[in-house]
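Visitor:
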Amino acid sequence: MHEIRIAQDMQKIILEVASEENLNKINTVNVQFGEMVHIVPDIFCFAFEEASRNSLSEGAELNIEIIPVKIRCINCLKEYEISREGRFECINCGSVEIEIIRGKELLIKSIEGE
Amino acid sequence: MEIKIMKNILDRNQNKADEVRNLLKEKNVVMVNIISSPGAGKTTLLERTCEVLKNTFRIGVIEGDITTDRDAIRLKKYDIPIVLINTEGGCHLDSHSISKVLPEFELENLDIIFIENVGNLICPSQFDLGENFKLALVSVAEGDDKPVKYPMLFREARLVLLNKIDLLPYTNFSFDNFYADLQQINPKIPLFQISCTNGSGIEQWLKWISAQIHSKSNHTA
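Right under this line is the structure:
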């Protein structure tokens, strides 16, 4: 259900940018969501439809790119992708001192408009 | 015309959370964000905790509730400052709602604030509230698959409490499976097995949280 709030926050950002750029219509919105953040694309699309109703972004196409989880070992610096259910332990040196470097994104990349 | 933005959608929440964190650091108050499913035992854990620690530390509580003041009423008997936030259907607290209620506390006279987040394992883990750390509370009655289903929370939390272990004989909860999954997601995280009903394991938790309050320098997200 956090999709609703995230769509509302995104809509605020979009409208701010559209106003700065003097856009009259937003046609496309490009976003990136990390696999870790549990966004369900269908629910997000619905939430965005609601959030954009009667605004410049109403009817805009929403492109959602899902970013796989990538981790980096702090010990040996190896970087690799894992599945969301994967083991957070370095496959190279076995260290558990790892950091997530991708997969937590909630990013608005760009908008297209006129 | 494409306009690049490359901005975190939750920037506003993050900025406010950073503000809250700085304020609490300045006032030397620790804040803990307790996240669990509905019914896992957040309020009962707070009852157990306040009962003992209110004699040692100055405690405040922020009660996040979708609706009603029932949880807040349960804690009234400890005579500690409690602020209730009704989210009116919202599935999580955010940093703005925390920032708004902080002036209701006398921060100079507090050591720790416990936030009881809205019962939900997904949404609250996305919203930084400015806390020092998140606490994941799960209960035996929910089943042993929670870590693998909600890795974000178990990755971000500093401690996991497994509550209702007195119910273990009556469920098909496999502690071995639970522990193996947790290890896979966060091999470093401490796990305490507790029962807020019969008090088992509570002492270990109280010792741990007391140590966290004592090392107030530990101010990280």
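So the sequence lines, in the order shown, correspond to chains R and C.
Residues in the first sequence are numbered from -12 upward in steps of one, following our numbering.
Residues in the second sequence are numbered from 43 upward in steps of one, following our numbering.
Ideal Cβ placement from N, Cα and C applies to all residues, glycine included.
#1: Please name the residue in Glu66(R), Arg(-8)(R), Glu86(R) and Lys12(R) whose C-alpha comes closest to that of Glu48(R).
#2: Put Ala47(R) into one of helix, strand or coil per three-state DSSP.
#3: Check distances from the C-beta atoms of the region 46 to 65 of chain C to those of chain R and list, in chain order, the residues that come in under 9 Å.
#4: If we call anything under 8 Å between Cβ atoms a contact, is Ile255(C) one with Ile104(C)?
#5: With burial defined as no fewer than 16 other Cβ atoms inside 10 Å of the residue's Cβ, what is the status of Glu245(C): buried or exposed?
#6: Please give the ranges of any alpha helix (DSSP H) in the region 108 to 187 of chain C, keeping only runs that are unbroken, at least 4 residues long and fully inside the region.
#7: My output table needs one value for Met(-12)(R): the three-state DSSP class, helix, strand or coil.
#8: Can you tell which of Ile45(C), Asn64(C) and Asn50(C) has its C-alpha closest to the C-alpha of Leu10(R)?
#9: Applying the 10 Å Cβ sphere with the 16-neighbour rule, what's the burial state of Met43(C)?
#10: Any beta carbon of chain C sitting closer than 8 Å to that of Asp(-4)(R)?
#11: Which residues in the same chain as Gly83(C) place their Cβ atom closer than 7 Å to its Cβ, once the five residues preceding and following it in sequence are excluded?
#12: Using the Cα positions of Asn219(C) and Gly106(C), report the straight-line distance between them to the nearest angstrom.
#13: Name, please, each residue of chain R whose Cβ falls closer than 8 Å to the Cβ of His138(C).
#14: Going by beta-carbon coordinates alone, are Ile236(C) and Trp247(C) separated by less than 8 Å?
#15: Starting from the beta carbon of Lys12(R), find every residue of chain C whose beta carbon is closer than 9 Å, and list them in chain order.
#16: Going by DSSP, what residue range makes up the beta strand (DSSP E) through Thr15(R)?
#17: What residues in its chain sit with their C-beta under 8 Å from that of Leu224(C), if we drop five residues either side in the sequence?
#18: May I ask you to list the residues that DSSP assigns as paired with Leu204(C)?
#19: So that I know if they touch, is there some Cβ in chain C lying closer than 8 Å to that of Leu103(R)?
#20: In three-state terms, what does DSSP make of Thr262(C)?
#21: Could you tell me whether the Cβ of Lys230(C) comes closer than 8 Å to any Cβ of chain R?
#22: For Asn50(R), which residues of its own chain have a beta-carbon under 6 Å away from its beta-carbon, when the five flanking residues on both sides are left out?
#23: Would you list the one or two residues that DSSP bridges to Glu99(R)?
#24: Is any beta-carbon of chain C found at less than 8 Å from that of Leu49(R)?
Guide: A quick look at the data gives this:
#1: Here residue 48(R) corresponds to residue number 61 of the first sequence, with the count starting at 1. With distances taken between Cα atoms, Glu48(R) lies closest to Lys12(R).
#2: As a working note, residue 47(R) is residue 60 in the first sequence. Ala47(R) falls in the coil class under three-state DSSP.
#3: Lys46, Ile47, Met48, Lys49, Asn50, Ile51, Leu52, Asp53, Arg54 and Asn55
#4: By 1-based counting over the second sequence, the position of residue 255(C) is 213. By 1-based counting over the second sequence, the position of residue 104(C) is 62. Going by C-beta atoms, Ile255(C) is not nearer than 8 Å to Ile104(C).
#5: Counting from 1 along the second sequence, the entry for residue 245(C) is found at position 203. Burial call: exposed.
#6: 112 to 117 and 137 to 143
#7: As a first step, residue -12(R) must be located in the first sequence, where it is residue number 1. Looking at Met(-12)(R) - three-state DSSP - the assignment turns out to be coil, as it is neither helix nor strand.
#8: Numbered from its first residue, the first sequence carries residue 10(R) at position 23. Nearest option by C-alpha distance: Ile45(C).
#9: The count along the second sequence starts at 1 and reaches residue 43(C) at position 1. Exposed.
#10: Indexing the first sequence from 1 puts residue -4(R) at position 9. By this cut-off, Asp(-4)(R) is an interface position.
#11: Position 41 of the second sequence, counted from the start, is the residue given in the question as residue 83(C). Cβ neighbours of Gly83(C) beyond the five flanking positions: Leu179, Ser181, Asn205, Lys206 and Cys238.
#12: Working through the second sequence from its first residue, we reach residue 219(C) at position 177. Working through the second sequence from its first residue, we reach residue 106(C) at position 64. Their backbone Cα atoms lie some 31 Å apart in a straight line.
#13: Residue 138(C) sits at position 96 when you count from the first residue of the second sequence. By Cβ distance, chain R contributes nothing, its closest Cβ being about 11 Å from His138(C), past 8 Å.
#14: Translated into the one-based positions of the second sequence, residue 236(C) becomes position 194. Translated into the one-based positions of the second sequence, residue 247(C) becomes position 205. Result yes, Cβ atoms of Ile236(C) and Trp247(C) sit closer than 8 Å.
#15: On the first sequence, position 25 is the one that residue 12(R) refers to. The premise fails here: Lys12(R) is roughly 11 Å from chain C at the closest Cβ pair, so nothing lies under 9 Å.
#16: In the first sequence, residue 15(R) corresponds to position 28, counting from 1. Thr15(R) -> beta strand (DSSP E) spans Ile13 to Gly21.
#17: Taking the first residue of the second sequence as 1, we reach residue 224(C) at position 182. Excluding sequence neighbours, Leu224(C) sits near Pro189, Phe196, Val202, Ile231 and Leu233.
#18: By one-based count along the second sequence, residue 204(C) stands at place 162. Leu204(C) pairs with Val180(C) and Gln235(C).
#19: Outside the shown range of chain R, which is -12 to 101, sits residue 103(R), and nothing can be said about it.
#20: Position 220 of the second sequence, counted from the start, is the residue given in the question as residue 262(C). Note that Thr262(C) scores a pLDDT of 46, beneath 50, so its modelled location is shaky; the value from the coordinates is reported in the next line. DSSP places Thr262(C) in coil when its eight states are reduced to three.
#21: Locating residue 230(C) in the second sequence gives position 188, where the first residue counts as 1. So, interface residue.
#22: Position 63 of the first sequence, counting from 1, holds the residue named residue 50(R). Only Asn17 meet the Cβ criterion.
#23: Taking the first sequence and counting its residues from 1, one reaches residue 99(R) at position 112. Glu99(R) pairs with Thr15(R) and Glu44(C).
#24: Walking along the first sequence from the start, residue 49(R) turns up at place 62. No, because no Cβ of chain C sits closer than 8 Å to the Cβ of Leu49(R).
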